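Report on the following structure.
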Amino acid sequence: MDTARVSTLIPVRSVLVCAALVVVIIVAGLASMTIGAYDVNFAAVLGAVFDPSSDPDVRQVVLEWRLPRVLFAVLCGAALALAGGIFQSLTRNPLGSPDIIGFGVGAQFGVTLMMIVFELNTYMFKAIGALVGGLFTALLVYALANSKTMSSFRLIIVGIGVSAGLGSLTSWILISVSLEKAMMAATWGAGSIASLGFDQLLPAAIVFAVVLVGSLPLNRTLPVLEMGDDAATALGISPGRTRLAAMVFGVALVALVTAAAGPISFIALAAPQISQRLTRSNTPMGTAPVMLTGAALVVVSDAVAQLVGVPVGVVTVSVGGLYLAWLLAAQYARRA
4 MDTARVSTLI
14 PVRSVLVCAA
24 LVVVIIVAGL
34 ASMTIGAYDV
44 NFAAVLGAVF
54 DPSSDPDVRQ
64 VVLEWRLPRV
74 LFAVLCGAAL
84 ALAGGIFQSL
94 TRNPLGSPDI
104 IGFGVGAQFG
114 VTLMMIVFEL
124 NTYMFKAIGA
134 LVGGLFTALL
144 VYALANSKTM
154 SSFRLIIVGI
164 GVSAGLGSLT
174 SWILISVSLE
184 KAMMAATWGA
194 GSIASLGFDQ
204 LLPAAIVFAV
214 VLVGSLPLNR
224 TLPVLEMGDD
234 AATALGISPG
244 RTRLAAMVFG
254 VALVALVTAA
264 AGPISFIALA
274 APQISQRLTR
284 SNTPMGTAPV
294 MLTGAALVVV
304 SDAVAQLVGV
314 PVGVVTVSVG
324 GLYLAWLLAA
334 QYARRA
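For the sequence shown, my numbering begins at 4 and goes up steadily by one.
Rendered as structure tokens:
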């Protein structure tokens with residue numbers, strides 16, 4: 004009896020998966036800090052992190068230049084993965100990711116307006132632009148897709164259409180400005196964490212912590228909402244209020260990353276599904292495993308990006324595109 008009670012309270016598989024993901028993040032993060040113009044081997048990185056009396060030059064390179072990049076990769080991956088879990092649970096569809104239904108493009112459009120049109124390039128103004136753009140897109144998609152009952156298929160299709168329209172507007176803005184401004188926006192639009200330091204990490208971490216705490220109740224309410232509005236209402240959960248909260252918190256997480264690093268695509272799509280399969284969960288809304296999966300994906304992707312000399316967004320798009328093709332094929336085969 005005691006053993007059964009403990010096994011119910013402690014999801015052993017989830018704990019093991021989380022532990023394995025933490026190891027992957029630490030190893031990949033330490034390995035990524037050996038990559039760069041200044042040659043630092045793995046032992047020197049370990050010494051710089053754990054030994055205060057090690058070479059001060061190496062400590063400066065590792066702790067002041069490279070560590071913030073790794074921490075930002077963890078933060079961005081966790082935020083995007085949690086946003087993906089929220090929207091996939093909300094739409095009850097593995098394709099219900101902010102990358103697919105346009106919220107990420109809306110945040111990108113808002114930042115582009117701030118940077119190019121209003122010439123406000125600080126993190127605060129980019130964060131405001133990303134949040135407003137993402138929320139506007141979310142409300143627009145929700146309004147266009149809402150017809151008495153909310154269909155996840157309709158939401159995704161409308162989101163793809165709105166995303167295409169906003170992408171066209173963004174392209175039109177970029178070709179209408181000077182080459183210098185267009186290059187600046189294009190560089191940001193590739194999705195990179197290379198130039199980010201502790202100055203940007205601290206406010207981003209504070210915002211992430213606030214949004215994470217606010218979204219924790221969704222870990223309980225969204226899986227219930229997946230059973231249908233009638234079941235959720237019978238259990239004392241308001242479907243409308245839950246959807247609104249989910250959209251606000253999900254868009255805030257996407258905006259947080261977009262403002263700091265630009266659009267890092269497909270992590271929100273892939274991480275919840277990978278986490279769900281690893282933990283054998285019935286829902287993509289498992290906060291800790293989902294966030295750790297996203298963090299591991301971005302840390303490993305950024306290490307690969309440094310090796311090949313491209314922004315991390317290029318790596319995630321390349322891998323995510325293959326994953327999306329496989330997911331669509333799997334969905335089609337299941338229905339056939």
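Each residue gets a CB set at the ideal place from its N, CA and C atoms; glycine is no exception. In this text the structure is predicted, and so the values were computed from the model without any measurement.
1) Just the C-alpha distance for residue 117 and residue 55, rounded to the nearest angstrom, thanks.
2) In chain order, what residues of the same chain lie with their CB nearer than 8 Å to the CB of residue 64, ignoring the 5 residues before and after it?
3) Please classify residue 228 as buried or exposed, where buried requires at least 16 neighbouring CB atoms within 10 angstroms.
4) With DSSP collapsed to three states, give me the class of residue 261.
5) Let's see if you can read the secondary structure: which residues bound the alpha helix (DSSP H) around residue 132?
6) Which of helix, strand or coil does DSSP assign to residue 36?
7) Going by beta-carbon coordinates alone, are residue 185 and residue 265 separated by less than 9 Å?
8) Apart from the five residues on each side of it in sequence, which residues of its chain come closer than 7 Å, Cβ to Cβ, to residue 210?
9) Could you tell me which of 230, 285 and 107 sits nearest to residue 144, measuring between CA atoms?
10) Can you say whether residue 171 is buried or exposed, counting buried as having 16 or more other CB atoms within 10 angstroms of its CB?
11) When we look at the beta-carbon of residue 231 and count the other beta-carbons within 10 Å, is it buried (16 or more) or exposed?
12) Going by beta carbon distance, what residues of the same chain come within less than 8 Å of residue 94, once the five residues before and after it are set aside?
13) Verify whether the separation of the beta carbon atoms of residue 88 and residue 220 is less than 9 Å.
14) Taking the C-alpha atoms as reference points, what is the distance between residue 34 and residue 208?
15) Spatial neighbours of residue 7 within its chain, please: C-beta separation below 7 Å, excluding the five flanking residues on both sides.
16) What residue range does the alpha helix (DSSP H) around residue 270 cover?
17) Starting from the C-beta of residue 123, find all residues in its chain whose C-beta is less than 7 Å away, skip the five residues before and the five after it, and write them out in chain order.
18) Could you tell me how far apart the beta carbons of residue 289 and residue 304 are, in whole angstroms, since I believe they sit closer than 8 Å?
19) Under a three-way DSSP split, which group does residue 206 fall into?
20) Would you give the residue range spanned by the alpha helix (DSSP H) that residue 72 belongs to?
21) Could you check the C-alpha separation between residue 11 and residue 235 for me, to the nearest Å?
The short version:
1) Locating residue 117 in the sequence shown gives position 114, where the first residue counts as 1. Locating residue 55 in the sequence shown gives position 52, where the first residue counts as 1. Going from the Cα of residue 117 to the Cα of residue 55 covers about 42 Å.
2) To locate residue 64, count along the sequence shown from 1; it is residue 61. So the list reads 39, 41, 43 and 51, once near-sequence residues are dropped.
3) One-based indexing of the sequence shown puts residue 228 at position 225. It counts as buried.
4) Here residue 261 corresponds to residue number 258 of the sequence shown, with the count starting at 1. It is helical.
5) Residue 132 sits at position 129 when you count from the first residue of the sequence shown. Start and end: 126-148.
6) Your numbering for residue 36 matches position 33 in the sequence shown. Note: residue 36 maps to coil in three-state DSSP.
7) Locating residue 185 in the sequence shown gives position 182, counting from the first residue. Locating residue 265 in the sequence shown gives position 262, counting from the first residue. Going by C-beta atoms, residue 185 is not nearer than 9 Å to residue 265.
8) By one-based count along the sequence shown, residue 210 stands at place 207. These residues qualify, in order along the chain: 259.
9) Translated into positions along the sequence shown, residue 144 becomes position 141. The option with the nearest alpha carbon to residue 144 is 107.
10) Here residue 171 refers to the residue found at position 168 when the sequence shown is read from its first residue. It counts as exposed.
11) Within the sequence shown, residue 231 is the residue found at index 228, counting from 1. Under this definition residue 231 is an exposed residue.
12) Here residue 94 refers to the residue found at position 91 of the sequence shown. Hits under 8 Å: 104, 155, 158 and 159.
13) Your numbering for residue 88 matches position 85 in the sequence shown. Your numbering for residue 220 matches position 217 in the sequence shown. No.
14) Taking the first residue of the sequence shown as position 1, residue 34 is located at position 31. Taking the first residue of the sequence shown as position 1, residue 208 is located at position 205. One C-alpha to the other measures close to 23 Å.
15) One-based indexing of the sequence shown puts residue 7 at position 4. The pLDDT assigned to residue 7 is 42, lower than 50, so where the model puts this residue is not dependable, and the model offers no usable value.
16) Your numbering for residue 270 matches position 267 in the sequence shown. Element bounds for residue 270: 270-282.
17) Along the sequence shown, read from residue 1 onward, the residue named residue 123 stands at position 120. Answer for residue 123: 117, listed in chain order.
18) Along the sequence shown, read from residue 1 onward, the residue named residue 289 stands at position 286. Along the sequence shown, read from residue 1 onward, the residue named residue 304 stands at position 301. That pair is no contact at about 21 Å.
19) Here residue 206 corresponds to residue number 203 of the sequence shown, with the count starting at 1. DSSP places residue 206 in helix when its eight states are reduced to three.
20) For the purposes of this step, residue 72 is taken as the residue at position 69 of the sequence shown. Counting along the chain, the alpha helix (DSSP H) containing residue 72 begins and ends at 70-94.
21) By 1-based counting over the sequence shown, the position of residue 11 is 8. By 1-based counting over the sequence shown, the position of residue 235 is 232. Caution is warranted here: a pLDDT of 46 is assigned to residue 11, below 50, making its placement in the model unreliable, and the coordinate value is therefore given only provisionally. Between residue 11 and residue 235, the C-alpha separation is close to 23 Å.
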